[in-house]
Amino acid sequence: MSSSSSVAGVVRAAGLVVFRRSSSALTSASSSGSGSSINSVQSAKKVEYLLLQTSYGEHHWTPPKGHVDPGEDDRTTALRETMEEAGLGPNVLKILEGFSSTLKYLVKGKPKEVIYWLAELILPSAEVKLSDEHQAFKWLSLEDALSLSPWPEQQKLLKDCEAFLAA
């Protein structure tokens with residue numbers, strides 16, 4: 001897409017919707033034909049999304065993102081901003097091919113476009129390290145992430161990510 005941070009007055013930004021798959025053991029009991037109970041343990045992979053809480057304004061929650069620098073492509077911006085804001089770099093993330101989503105909205109009356117890609121945290125031991133721009137982070141289920149997402153566009157983005165992962 002665009003390689004500049006503002007085209008015709010539109011502020012461009014890019015980011016990553018970072019997710020991880022965490023195992024949660026599910027124990028279920030079933031009855032055998034002889035009347036005895038059989039317990040089985042299944043490992044389910046639960047998807048959790050990373051949201052960062054800003055240190056400014058209304059302290060809203062969003063995926064990592066930031067403005068596109070002049071001469072920088074959008075995907076490079078998304079990776080750079082995720083590294084700067086959350087301490088997660090390309091060595092611990094895998095961008096999933098086939099998914100991107102552009103959000104268009106107004107900020108203080110000015111048009112803004114943010115393109116997001118979906119990225120999986122592939123190193124479970126990687127730690128989130130926040131920049132001064134953020135004061136907290138959470139790994140959240142879709143339902144919990146939606147409850148912290150202040151805008152319908154961001155809620156749709158998260159739902160689209162979930163649908164893509166389920167396909």
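Numbering (full-length UniProt numbering), first residue to last: 1 to 167. For each residue, glycine too, the CB sits at the ideal point set by N, CA and C.
Item                                                                                                                                : Value
Going by DSSP in three states, L146 sits in which element: helix, strand or coil?                                                   : helix
Just tell me which of L51, S23 and H59 has its CA closest to the CA of L16.                                                         : L51
Return no unless some Cβ of chain D is closer than 9 Å to the Cβ of Y116.                                                           : Here chain D cannot be found, since the structure has a single protein chain.
Could you check if Q135 is buried or exposed, using at least 16 other CB atoms within 10 Å of its CB as the buried criterion?       : exposed
Just reading off the alpha helix (DSSP H) that L103 is part of, what are its end residues?                                          : L103 -> not in any alpha helix (DSSP H); beta strand (DSSP E) instead, spanning L93 to V107.
Using alpha carbons as the reference points, say which of Y56, Y105 and S125 lies closest to S131.                                  : Y56
Does DSSP put P111 in a helix, a strand or coil?                                                                                    : strand
To which residues of the same chain is Q155 closer than 6 Å at the C-beta, ignoring the five residues directly before and after it? : L146 and S149
Return the first residue and the last residue of the alpha helix (DSSP H) that K138 is part of.                                     : No alpha helix (DSSP H) holds K138; the beta strand (DSSP E) holding it covers H134 to L140.
Considering just the uninterrupted stretch of the alpha helix (DSSP H) at K159, what are its terminal residues?                     : P152 to A166
Tell me, please, which residues DSSP counts as bridged to G15.                                                                      : K65 and Y116
In angstroms with no decimal places, state the Cα-to-Cα distance between K110 and P70.                                              : 19 Å
So W61 and I95 are in contact, right, with Cβ under 8 Å, and what is the actual spacing, rounded?                                   : W61 to I95, Cβ: 22 Å. No contact.
Look at the Cβ atom of A119, then the Cβ atom of F19, and state whether they are nearer than 9 Å.                                   : yes
Give me the DSSP bridge partner(s) of Y49.                                                                                          : F19 and L140
Comparing alpha-carbon positions, which option in K46, L79 and G89 lies nearest L123?                                               : G89
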